[in-house]
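Read through the structure below, which is laid out as structure tokens, and then see the notes.
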Amino acid sequence: MTPLTVSGNVPLSYAQAAYWSPERMGAESIYNRVLTPLRMQGPLDVEALRRALEALVHRHEPLRTSFPVVDGESVQHVAPPAPWELPVEDLRPLPEETRESELLLRLNDAGWRAFDLEQGPLLRTRLYRLADDHHVLMLAIHHAITDQVSGGVMMNELSALYRAFLENAPPPLPELPLRYRDYTLWQREWMQGEVLEHHRTWWSRRLAQLPPPPPLPYNRPRPEAGSFHKGSHTFTLSSALSDGFRKQVRREGVTPFLLGLAVFKTFLARLTRQEDTVVGIVHANRPRPELEPLVGMFASYLLLRTDLSGNPPFREVLRRVRTSYLESSAHQDLPHAELVGLLRPGQVDPRPLSPIGFVFQTAASGPSTMAGLEVRPMQVDLDLLLNDLQLLLTDGPEGLTGRLEYRTELFDPATIAAMAEALQALLTQVVEDPDRTLDTLSPPLAQSKSKEVA
1 MTPLTVSGNV PLSYAQAAYW SPERMGAESI YNRVLTPLRM QGPLDVEALR
51 RALEALVHRH EPLRTSFPVV DGESVQHVAP PAPWELPVED LRPLPEETRE
101 SELLLRLNDA GWRAFDLEQG PLLRTRLYRL ADDHHVLMLA IHHAITDQVS
151 GGVMMNELSA LYRAFLENAP PPLPELPLRY RDYTLWQREW MQGEVLEHHR
201 TWWSRRLAQL PPPPPLPYNR PRPEAGSFHK GSHTFTLSSA LSDGFRKQVR
251 REGVTPFLLG LAVFKTFLAR LTRQEDTVVG IVHANRPRPE LEPLVGMFAS
301 YLLLRTDLSG NPPFREVLRR VRTSYLESSA HQDLPHAELV GLLRPGQVDP
351 RPLSPIGFVF QTAASGPSTM AGLEVRPMQV DLDLLLNDLQ LLLTDGPEGL
401 TGRLEYRTEL FDPATIAAMA EALQALLTQV VEDPDRTLDT LSPPLAQSKS
451 KEVA
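Given below as structure tokens:
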């Protein structure tokens, strides 16, 4: 993969197309927005921050990209570098006890504000001043131009650029090895012919004769027009259980992600009595080192299908999950539209290809610093979920926490709370004895609660 001299519009990357198309079709477009508020405490130079944001946008073309339709096809259009504005909203005139609640209202409003994909911009920034030494920087970004890895790149580079402008030093960042447009054109040229057919054939075989949607313990049937409102139940693993989880990761020689996924799949198999388990994950999909420093949408959606038949011990479950993950990752480049075509030919449906999702993330050990500022990300939830159920496991300095996210129109909070308790009990069992077979693990919930939903 080498830098190209092409200028002007180029086609969408396959990852961009996966996030762009549902918006055009009127699907739940709010789900494609990323809201990242950063709480900054300490002396802030607003102009240095504005210049740092401007330099970041100039450096990474996706932050200046929109998706107009030209000759009936959507394309990437990269706007030329331009001055960047950073509006400031001063909340200091408000009573101190109401500033936080007002801030949350304004952040939520910003998160729900629609993007114009054809005109852009698809990045918005705004600064809220709560006190002389207390600010919140809001970044609202459309998912078509960013992913989780990009978020880390942006934060690291914003910090370096802010320090440089604060100290009147030259920008410290090396030249990027590629542009996102280079990656897009390489991908489009590579993923065709025999390569495309190879990946398509593999997924066609892997997804043949998929089981019906798992009979989760739904409390209500699925409405014809869903609202996708999200509820969540957070739980904290005991220090002993967190330590046991980490020891098993080392003992089995796997990543925390794979162990967590194996536990979740075991839980689902016991909960639904389905031995053929399918869970959706988002994969970083940056297989080359030259892609690591780029901002842009690279992530791919993977369906991880695992056969848990034969009453295997948990250690064997872990081996099968690992094999399934590695095989699927090796074929992660199949365009999302091709995957949808295999499973939902001719259908327009914004929901993920699996109703169940899994996420594992590592939390920061504490607040980061940015030239004298203490910076902490804020959690602002836009209250939407396209999955029926999703488990998010977070490994932090004080142990592991879990969050079961669910669609409130399908589940009651009590049902999800019971599932969280059962999941922790099962995790305790497999950590204590990974050679226990599936049928010796306690049933997660009373099976009579399960209601199969179309």
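Residue 133 in this note's numbering sits at position 133 of the sequence shown; the count goes up by one each step and never skips.
Don't be surprised by glycine CBs; every beta carbon is placed ideally from N, CA and C.
Since this is a predicted model, take the numbers as computed values, not measurements.
The beta carbon of Ala299 lies closer than 8 Å to those of Ala15, Asp147, Gln148, Val149, Val282, His283, Ala284 and Asn285 in the same chain, with the five residues before and after it left out. DSSP places Thr277 in the uninterrupted beta strand (DSSP E) bounded by Asp276 to His283. Straight-line spacing of the CA atoms in Leu178 and Thr272 works out to 46 Å. Spanning the alpha carbons of Asp383 and Arg33 requires a straight line of approximately 12 Å. In terms of CA proximity to Asp45, Tyr162 leads the group Arg403, Tyr162, Ser66 and Ser74.
The DSSP-derived three-state label of Ser354 is coil. Ala131: member of the beta strand (DSSP E) spanning Leu123 to Ala131, first to last residue.
Arg50: not part of any beta strand (DSSP E); member of the alpha helix (DSSP H) spanning Val46 to Arg59, first to last residue. Closest option to Pro312, judged by alpha-carbon separation, among Leu441, Ala371, Pro11 and Leu158: Leu441. For the pair Arg124 and Ala140, the Cα-to-Cα distance works out to about 5 Å. Minimum Cα-Cα distance from Arg129 among the listed residues Val153, Pro93 and Asp412 corresponds to Pro93. DSSP, reduced to helix, strand and coil, places Gln16 within a helical segment of the structure shown.
Asn156 and Leu53 have their C-alpha atoms some 12 Å from each other. When the Cα atoms are used, Phe245 and Gln429 turn out to be separated by approximately 11 Å.
Looking from the CA of Ala18, the closest CA among Gly193, Thr306, Asp439 and His336 belongs to His336.
Short of 8 Å from the beta carbon of Gln274, and not among the five residues preceding or following it, lie these beta carbons of its own chain, in chain order: Pro211, Pro214, Pro215 and Leu268.
Val69 is bridged by DSSP to Ser74. Contact check for Leu389 and Leu404: beta-carbon distance about 7 Å, within the 8 Å limit, so the pair qualifies. Pairing Gln424 with Phe235 gives a Cβ-Cβ distance under 8 Å. The beta carbon of Arg126 lies closer than 6 Å to those of Pro87 and Met138 in the same chain, with the five residues before and after it left out. Excluding sequence positions up to five before and after Ser238, its CB lies within less than 8 Å of the CB of Gly399, all in the same chain and listed in chain order. Only residues of its own chain outside the window of five on either side were considered, and among them Leu122 and His142 have a CB closer than 6 Å to the CB of Phe115, listed in chain order. For Val136, the enclosing beta strand (DSSP E) has its first and last residue at His134 to His142.
Excluding sequence positions up to five before and after Gly396, its CB lies within less than 6 Å of the CB of Ala363, all in the same chain and listed in chain order.
When the beta-carbon positions are compared, Leu339 and Leu353 come within less than 8 Å of each other. Around the C-beta of Leu259, 16 or more other C-beta atoms lie within 10 Å, and the residue is accordingly described as buried.
When the five nearest sequence neighbours on each side are left out, the beta carbons in the same chain lying within less than 6 Å of the beta carbon of Gln41 are those of His134 and Glu374, in order along the chain.
The Cβ atoms of Arg64 and Ala79 sit closer than 8 Å to each other. Residue environment: Trp190 is assigned as exposed (fewer than 16 neighbouring CB atoms within 10 Å of its CB, all protein chains considered). Fewer than three pairs of CB atoms, one per stretch, sit closer than 8 Å, so the stretch 166–175 makes no contact with the stretch 67–74.
Judged by beta-carbon spacing, Lys230 lies within the 8 Å limit of Thr408, meaning their Cβ atoms are closer than that value. Rounded to the nearest whole angstrom, the CA to CA distance from Lys265 to Ala131 is 47 Å. Secondary structure of Met370 (DSSP, three-state): strand. Of the candidates Val57, Ala144, Pro217 and Ala208, Pro217 places its Cα closest to the Cα of Thr415.
Counting the other Cβ atoms within 10 Å of the Cβ of Val136 gives 16 or more, which makes it buried. Spatial neighbours of Gly280 in its own chain (CB-CB distance under 8 Å, excluding positions within 5 residues in sequence) are listed in chain order as Tyr301, Leu302, Leu303, Leu304, Pro352, Leu353, Ser354, Ile356, Gly357, Phe358 and Asn387.
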